[in-house]
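Visitor:
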Amino acid sequence: MKRHHHRPGRDKEIIFGVNPVMEALRAGKRKFHRLYVKGGFKPGGPADILIEMAREKGVPTVTNTGEELNRLTDSDGHQGVAALVSPYEYEKLDDAIERLRSKPFPTLIALDSVQDPRNFGAIIRSAEAFGVDGIIFPQDRASTYTPTAAKASAGAGERMNLIKVVNLAETIRKISDEGYHCVALEEDAEENFDKAPEGPFVMVFGGEGVGVRPLVKTRCGHVAKIPMKGEIGSLNVSVAAAIALYIASLR
Numbered sequence: 340m341k342r343h344h345h346r347p348g349r350d351k352e353i354i355f356g357v358n359p360v361m362e363a364l365r366a367g368k369r370k371f372h373r374l375y376v377k378g379g380f381k382p383g384g385p386a387d388i389l390i391e392m393a394r395e396k397g398v399p400t401v402t403n404t405g406e407e408l409n410r411l412t413d414s415d416g417h418q419g420v421a422a423l424v425s426p427y428e429y430e431k432l433d434d435a436i437e438r439l440r441s442k443p444f445p446t447l448i449a450l451d452s453v454q455d456p457r458n459f460g461a462i463i464r465s466a467e468a469f470g471v472d473g474i475i476f477p478q479d480r481a482s483t484y485t486p487t488a489a490k491a492s493a494g495a496g497e498r499m500n501l502i503k504v505v506n507l508a509e510t511i512r513k514i515s516d517e518g519y520h521c522v523a524l525e526e527d528a529e530e531n532f533d534k535a536p537e538g539p540f541v542m543v544f545g546g547e548g549v550g551v552r553p554l555v556k557t558r559c560g561h562v563a564k565i566p567m568k569g570e571i572g573s574l575n576v577s578v579a580a581a582i583a584l585y586i587a588s589l590r
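Counted from 1, the sequence shown has number 533 at position 194 by this note's numbering; the numbering is strictly sequential.
#1: Within 8 Å, do at least three Cβ pairs link the stretch 388 to 402 to the stretch 365 to 379?
#2: Excluding sequence positions up to five away, which residues of its chain have a Cβ less than 7 Å from the Cβ of Ala579?
#3: For Arg349, count neighbouring Cβ atoms within 10 angstroms of its own Cβ and tell me buried if that reaches 16, exposed if not.
#4: Contact between the stretch 489 to 507 and the stretch 420 to 439 is defined here as three or more beta-carbon pairs at a separation below 8 Å; is this criterion met?
#5: Could you tell me the alpha carbon to alpha carbon distance between His343 and Met392, rounded to whole angstroms?
#6: If we count the other Cβ atoms within 10 Å of its Cβ and call it buried at 16 or more, is Ile463 buried or exposed?
#7: Just the C-alpha distance for Lys341 and Glu362, rounded to the nearest angstrom, thanks.
#8: List the residues that DSSP assigns as beta-bridge partners of Lys377.
#9: Quick one: residues in its chain with C-beta nearer than 8 Å to the C-beta of Ala466, no 5 flanking neighbours on either side, listed in chain order?
#10: In or out: Ala366 buried (at least 16 other Cβ within 10 Å) or exposed?
#11: Return yes when the Cβ of Pro477 is within less than 8 Å of the Cβ of Pro539, no when it is not.
#12: Distance, Cα to Cα, Asp434 vs Ile502?
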């Protein structure tokens, strides 16, 4: 295993962390160009497992120092593992609608300008755990599935259908016309969100500190809040999403 660097170009990106790299290898959606591991890894540990997985797929492995991996990933949270891969491919909205036509109760999440990639990644992780069928988000003024989001999701994004759209308000209108019940989650709503509606369903969550924008909210058939008993009424968006997903899973 030779030691060297390779900075990604436009058609490649670096992902890092044991789970994101392992899930990307398992999912097989991305082309792997190179696996990087920190030298001196523990035999039989995660790095050893990843090296064997990469070898089976014909992916070369190179060793680096921790400092080299810090520079390669622009992070010190790489856990001694990184990979040079093809960019994440987002699903088209029309393809998602067709994919879910035969499913009786599809569930989607729509994120209105969630900008923190750690929040985005945490939401992806919860959504995958609760069997969500896709996450919709706008291409502008919002986090995409960056390496930081991938790390925060523990690689769950490789198992999730992420749908990037141009106009979220128009997207909500379109999926409403397709028969989806759209519920915007807002802390100042009068109605409690205590169960999910029957049939196709999308939950809309607003960005950090701003909530769901008025135009997006008007496209939703319902506005509801997560019932709480404490005095502090505001929840982090990733926490709110996890709670709402649990409530929805009880239908």
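For glycine and all other residues, C-beta sits at the position ideal for the given N, C-alpha and C.
Guide: According to the data block:
#1: Contact between the stretch 365 to 379 and the stretch 388 to 402 is present: 3 or more CB-CB pairs across the two stretches fall below 8 Å.
#2: Counting from one through the sequence shown, the residue named residue 579 turns up at place 240. Apart from the 5 residues on each side of it in sequence, Ala579 sits with its Cβ closer than 7 Å to the Cβ of Leu524, Phe544 and Ile565 in its chain, given in chain order.
#3: Against the sequence shown, residue 349 aligns to sequence position 10. So Arg349 ends up on the exposed side.
#4: Yes, the stretch 489 to 507 touches the stretch 420 to 439.
#5: Position 4 of the sequence shown holds residue 343. Position 53 of the sequence shown holds residue 392. Confidence at His343 is low in this model, with a pLDDT of 48, below 50, so the placement of that residue should be treated as unreliable; the coordinate-derived value is given next. Within the model, the alpha-carbon separation for His343 versus Met392 is close to 21 Å.
#6: Your numbering for residue 463 matches position 124 in the sequence shown. Its Cβ being crowded by 16 or more others within 10 Å, Ile463 is buried.
#7: Within the sequence shown, the letter at position 2 stands for residue 341. Within the sequence shown, the letter at position 23 stands for residue 362. Unreliable positioning characterises Lys341 in this predicted model, as indicated by a pLDDT of 44, which lies under 50. A coordinate reading is not provided.
#8: In the sequence shown, the residue the question calls residue 377 occupies position 38. Lys377 is bridged to Asn403.
#9: As a first step, residue 466 must be located in the sequence shown, where it is residue number 127. The answer, listed in chain order, is Ile448, Ile474, Ala495, Met499, Ala580 and Leu584.
#10: Translated into positions along the sequence shown, residue 366 becomes position 27. When all chains shown are included, Ala366 counts as exposed.
#11: Numbered from 1 along the sequence shown, position 200 holds the residue referred to as residue 539. Numbered from 1 along the sequence shown, position 138 holds the residue referred to as residue 477. No, the Cβ-Cβ distance between Pro539 and Pro477 is not below 8 Å.
#12: Reading the sequence shown from its first residue, position 95 is the one you call residue 434. Reading the sequence shown from its first residue, position 163 is the one you call residue 502. Those two C-alpha atoms are separated by around 9 Å.
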